[in-house]
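Asker: Submitted below is the structure of interest, expressed as structure tokens.
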Ligand SMILES: Nc1ncnc2c1ncn2[C@@H]1O[C@H](COP(=O)(O)OP(=O)(O)OP(=O)(O)O)[C@@H](O)[C@H]1O
Ligand SMILES: [Mg+2]
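Residue numbers (the numbering used here), protein chains in the order written: chain G, 2 to 135; chain P, 591 to 938.
See the structure below:
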């Protein structure tokens, strides 16, 4: 199907199964294709393999935190252009500064509304391709 | 604490005076380096005297800890330690704040109020960021220090003062004197005992001790299990230049214990700017980044102005759904200028 091929892929990285599935539901309703990873290291290998259009990244995770993972994604030519949105319950200047210093595109604090997430995606993803199947 | 009659002064005072009265917890000065040991010896030698102390040193080096430590080791330890940030006191309020006022002196002065000097009678007054005192305030302060008496605003009575003054600054006061911004006579009166707190980079051997101290304090405060760093992470911290000194180290450890989940915290758990070879991400900001984040991230990355302009223009263009007329209007520039710039940036 034409729409299927044009669908954009979002990689959700979070160590909480619940958060991953809630986010996945939100995104699938909007027509995105969703992939998941449950820690920073897995995020790196998955991102390299599937080259998502965007990554939603938790901060506090086992193996590798979201800041370190974002930094490494941006050190590799294959993944450096992928926008990373930090999605975290931790909010402070310290984490925001660190996130932006490694090149993340946006910082979203939990809890957030569907609307806030949609706004960010709309801004970061080229719209002509993302047209949710409708 | 005396009764406050004016609500604006009340708000000001509660914002400025972190602590008044007997110091709650004993200040801990960590460090075994020669520089710190030498400083500790000076503190021990002068704590019992009433001499004024001027503490200098870069931001985050521990000047406030030194001030509290001097007080805690002095004969005044059971008396108040009053901490006032001079940069937070408006010039117009200096006199009433420091010396108090009599009842009925001005509108709202329904009652007599004692100033900082009287509030910490017998104790220590800590003038933090003393360089921020305006010249008029410097003159008034100097007079009280010379005469050892003060008059409340609107008062006639000379009240004897008994206060030990400790001041601190991270500025070069000699330069301020040369520039006419600080009174030399006040400087010499404040600096009977000068104490210089060296930057952390000059006492790297203290870094591991400080790390252990902050990790222990975190565990105690939160009830979490005590964690440690890998030797490699410790080495990275020991090699870092610590422009923000001990405060930056303290924050780095807060960062690591918040983000790291392992038993042992590793290099990856440290703030990214500590990592060897780290350079602030120089890749172009991703088009469509939130314009409100651009300033923040540009600052974090120390971007040149031209780059900030590029990011901002591209972000605004995306925000306006690539509508050039609207974008140009929002930016307040000519549409042709916008075209030219977009073309320069390779955006279209
Ligand atoms: N030697 C030390 N041992 C333990 N903690 C320290 C030491 N030096 C500094 N700290 C801690 O580092 C932080 C900064 O110290 P402090 O506030 O005394 O710095 P400062 O020199 O007054 O900085 P500023 O000029 O920015 O006011 C504080 O949380 C303090 O507890
Ligand atoms: Mg200070």
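For glycine and all other residues, C-beta sits at the position ideal for the given N, C-alpha and C.
1. Give me the residue from 724(P), 913(P), 825(P), 832(P) with the minimum Cα distance to residue 798(P).
2. Do residue 651(P) and ligand 1 come close, with the Cβ less than 7 Å from some heavy atom?
3. In chain P, what lies closer than 9 Å to residue 60(G) by C-beta?
4. Nearest CA to the CA of residue 22(G): which residue from 37(G), 32(G), 77(G), 33(G)?
5. Closest to residue 116(G) by C-alpha separation, out of 27(G), 13(G), 17(G), would be which residue?
6. Step through the CB atoms of chain G and report whether any lies within less than 8 Å of the CB of residue 609(P).
7. Any residues in the stretch 854-867 of chain P with a beta carbon nearer than 7 Å to a beta carbon of chain G? Which ones, in chain order?
8. Under 7 Å Cβ-Cβ, which residues of chain G neighbour residue 908(P)?
9. Just to make sure I have the definition right: I need the residues of chain G whose C-beta is within less than 7 Å of the C-beta of residue 841(P). Which are they?
10. Given 7 Å as the limit, tell me if residue 633(P) has its C-beta closer than that to any heavy atom belonging to ligand 1.
11. Would you say residue 845(P) reaches chain G, if we count a Cβ-Cβ gap shorter than 8 Å as a contact?
12. Please check if any C-beta of chain P sits within less than 8 Å of the C-beta of residue 28(G).
13. Can you tell me whether DSSP reads residue 116(G) as helix, strand or coil?
14. Any chance the stretch 784-791 of chain P sits against the stretch 672-687 of chain P, with 3 or more Cβ pairs inside 8 Å?
15. Is there at least one Cβ from chain P nearer than 8 Å to residue 66(G)'s Cβ?
16. Once DSSP output is grouped into helix, strand and coil, what is the label at residue 36(G)?
17. Terminal residues of the continuous alpha helix (DSSP H) containing residue 842(P)?
18. Taking 7 Å as the line, does the beta carbon of residue 945(P) fall inside it for any heavy atom of ligand 1?
19. Report buried or exposed for residue 113(G), applying the criterion of at least 16 other Cβ atoms within 10 angstroms of its Cβ.
20. According to DSSP, residue 854(P) sits in a beta bridge with which residue or residues?
21. Closer than 8 Å by beta-carbon distance: list the chain P residues that pair up with residue 22(G), in chain order.
22. Give the secondary structure of residue 746(P) by DSSP, where H, G and I count as helix, E and B as strand, and everything else as coil.
23. Taking Cβ positions only, does residue 53(G) come closer than 8 Å to chain P?
24. Short of 8 Å Cβ to Cβ, which residues in the stretch 72-106 of chain G face chain P?
25. What would DSSP say about residue 677(P), mapped onto helix, strand or coil?
26. Let me make sure I understand the geometry here. Which of 828(P), 719(P), 820(P) has the alpha-carbon closest to that of residue 852(P)?
27. Are the beta-carbon atoms of residue 126(G) and residue 55(G) separated by less than 8 Å?
28. Quick check on the DSSP output: the alpha helix (DSSP H) that includes residue 917(P) runs from which residue to which?
29. Let me check understanding here. Comparing Cα to Cα, which of 784(P), 811(P), 838(P) lies closest to residue 800(P)?
30. What does residue 63(G) touch in chain P if you count any residue whose Cβ is under 9 Å from its own?
31. Thinking C-alpha only, which one of 42(G), 8(G), 47(G) is nearest residue 29(G)?
32. Please confirm whether residue 878(P) has its beta-carbon closer than 8 Å to some beta-carbon of chain G.
33. Verify the contact flag: residue 654(P), CB atom, against every heavy atom of ligand 2, threshold strictly below 7 Å.
34. At which residue ranges does the stretch 7-90 of chain G contain complete alpha helix (DSSP H) runs of 4 or more residues, listed in the order of the chain?
35. Identify the contact partners of residue 69(G) in chain C, using a Cβ-Cβ distance below 7 Å as the criterion.
36. Just to confirm before moving on: does the CB-CB distance between residue 925(P) and residue 915(P) stay below 8 Å?
Answerer: Working from what's here:
1. 825(P)
2. yes
3. 848, 849
4. 37(G)
5. 27(G)
6. The pLDDT assigned to residue 609(P) is 39, lower than 50, so where the model puts this residue is not dependable; a value taken from the coordinates is nonetheless given after this. Taking Cβ atoms only, chain G never reaches closer than 8 Å to residue 609(P), which makes this a no.
7. Per Cβ criterion, the list reads 858, 859, 861, 862, 863.
8. 124
9. 95
10. no
11. yes
12. For residue 28(G), the nearest beta carbon of chain P is not closer than 8 Å to its own beta carbon.
13. helix
14. no
15. yes
16. strand
17. 835-849
18. With chain P covering 591 to 938 only, the question about residue 945(P) has no answer from this structure.
19. exposed
20. 818(P)
21. Per Cβ cutoff of 8 Å: no residues; residue 22(G) is ~21 Å from chain P at best.
22. coil
23. no
24. 72, 75, 81, 82, 84, 91, 95, 96, 97, 98, 99, 101, 102, 103, 104, 106
25. In the structure shown, residue 677(P) sits in a helix (DSSP, three-state: H, G or I).
26. 820(P)
27. yes
28. 914-921
29. 838(P)
30. 851, 852
31. 8(G)
32. Note that residue 878(P) scores a pLDDT of 48, beneath 50, so its modelled location is shaky; the value from the coordinates is reported in the next line. At least one chain G Cβ lies under 8 Å of residue 878(P).
33. yes
34. 18-30, 41-51, 67-76
35. No chain C is present in this structure, whose protein chains are G and P.
36. yes
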